[in-house]
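From first to last, the protein sequence lines are chains A and B.
In terms of our numbering, the first sequence opens at residue 1 and continues consecutively.
In terms of our numbering, the second sequence opens at residue 117 and continues consecutively.
Structure first, then comments.
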Amino acid sequence: GAGVSQSPRYKVAKRGQDVALRCDPISGHVSLFWYQQALGQGPEFLTYFQNEAQLDKSGLPSDRFFAERPEGSVSTLKIQRTQQEDSAVYLCASSLEGARFGQPQHFGDGTRLSIL
Amino acid sequence: AQSVTQLGSHVSVSEGALVLLRCNYSSSVPPYLFWYVQYPNQGLQLLLKYTSAATLVKGINGFEAEFKKSETSFHLTKPSAHMSDAAEYFCAVSEGGAQKLVFGQGTRLTINP
Numbered sequence: 001g002a003g004v005s006q007s008p009r010y011k012v013a014k015r016g017q018d019v020a021l022r023c024d025p026i027s028g029h030v031s032l033f034w035y036q037q038a039l040g041q042g043p044e045f046l047t048y049f050q051n052e053a054q055l056d057k058s059g060l061p062s063d064r065f066f067a068e069r070p071e072g073s074v075s076t077l078k079i080q081r082t083q084q085e086d087s088a089v090y091l092c093a094s095s096l097e098g099a100r101f102g103q104p105q106h107f108g109d110g111t112r113l114s115i116l
Numbered sequence: 117a118q119s120v121t122q123l124g125s126h127v128s129v130s131e132g133a134l135v136l137l138r139c140n141y142s143s144s145v146p147p148y149l150f151w152y153v154q155y156p157n158q159g160l161q162l163l164l165k166y167t168s169a170a171t172l173v174k175g176i177n178g179f180e181a182e183f184k185k186s187e188t189s190f191h192l193t194k195p196s197a198h199m200s201d202a203a204e205y206f207c208a209v210s211e212g213g214a215q216k217l218v219f220g221q222g223t224r225l226t227i228n229p
């Protein structure tokens, strides 16, 4: 079946612009996660949704970062007034229930964001 | 707070040799542990997971890992390396009640012909 789909795969923006990154999770997966992966580093947690509810946003680095999942399926990560330090790969993952129950997270190929 | 340490940011082995990638975790409760592999310009693919059912876990592509509570370790091994194993490997932990995964810094595996 189809995996997690992210778009665009690559995004180049000028500093100060707003960007929106999209994630289509695996059908039927309740949980959705966003991670940020800087060059040469492991992914770092940004935020977590269970259906449409955003249950944990403790990893969002600033109020410029905003995520939503209005219908409990597709999610969008928005970054306002982008800065150079926002350059990274943004990974989306989904799972049936979440890591709490040992369910593995299935990752998309990511969006590589470059801020000029 | 939970954390993961992967010893060795780069590991290089010869084709056919044993692969050993080290992972140590810190957790106040029995954790869930995962190994993921990442190929260039791709997302993370699950290799295997530990969820307390058995301490020796077998995964895909001939990889396995052993959970050792006394050593707080979850090292990844493969008896015989193949060229296609060259990739970045990440160990991750999640505690019960916490949904998010906490990743190590990753280990880049290089296979020499």
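Here a beta-carbon is modelled for each residue, glycine too, at the ideal position from N, C-alpha and C.
| query | result |
| --- | --- |
| Does any C-beta atom of chain B lie closer than 7 Å to the C-beta of G72 of chain A? | no |
| Measuring straight from C-alpha to C-alpha, what distance separates N140 of chain B and V209 of chain B? | 10 Å |
| Spell out whether any CB of chain B is found under 7 Å from the CB atom of L39 of chain A. | no |
| Hey, L91 of chain A and Q37 of chain A: beta-carbon distance below 7 Å or not? | yes |
| Sorted by chain position, which residues of the same chain lie with C-beta nearer than 6 Å to S73 of chain A's C-beta, five sequence neighbours on each side aside? | none |
| Is the stretch 6-24 of chain A touching the stretch 63-77 of chain A, taking contact as three or more C-beta pairs under 8 Å? | yes |
| Out of A:L60, A:L113, A:G40, state which residue places its alpha-carbon closest to the alpha-carbon of T47 of chain A. | A:L60 |
| Here's the rule I'm using: 16 or more other beta-carbon atoms within 10 Å means buried, otherwise exposed. How should S94 of chain A be labelled? | buried |
| When you compare only the Cα positions, how much space is there between S196 of chain B and A133 of chain B? | 5 Å |
| Could you tell me if E204 of chain B is buried or exposed, where buried requires 16 or more neighbouring beta carbons within 10 angstroms of its beta carbon? | buried |
| Which same chain residues, not among the five before or five after R138 of chain B, have their C-beta less than 6 Å away from its C-beta? | L123, H191 |
| Please return the same chain residues whose Cβ sits closer than 8 Å to the Cβ of K216 of chain B, not counting the five positions on each side in sequence. | S210 |
| Do Q221 of chain B and G42 of chain A have their C-beta atoms closer together than 7 Å? | yes |
| Taking a Cβ distance cut-off of 7 Å, strictly less, list which residues of the stretch 160-190 of chain B are near chain C, in chain order. | Chain labels in this structure do not include chain C; the protein chains are A and B. |
| Cβ of R64 of chain A within 7 Å of Cβ of Q80 of chain A? | yes |
| Please report the residue range of the beta strand (DSSP E) in which P147 of chain B lies. | 147-154 |
| Have a look at P104 of chain A and K194 of chain B and give me their C-alpha separation to the nearest angstrom. | 21 Å |
| How many angstroms separate the CA atom of E182 of chain B from the CA atom of S142 of chain B? | 16 Å |
| Whose Cβ in chain A lies nearer than 8 Å to the Cβ of K194 of chain B? | Those do not exist, as K194 of chain B stays about 19 Å from chain A at its closest Cβ, beyond 8 Å. |
| In the DSSP assignment, find the unbroken beta strand (DSSP E) run with A88 of chain A in it and report its ends. | 88-95 |
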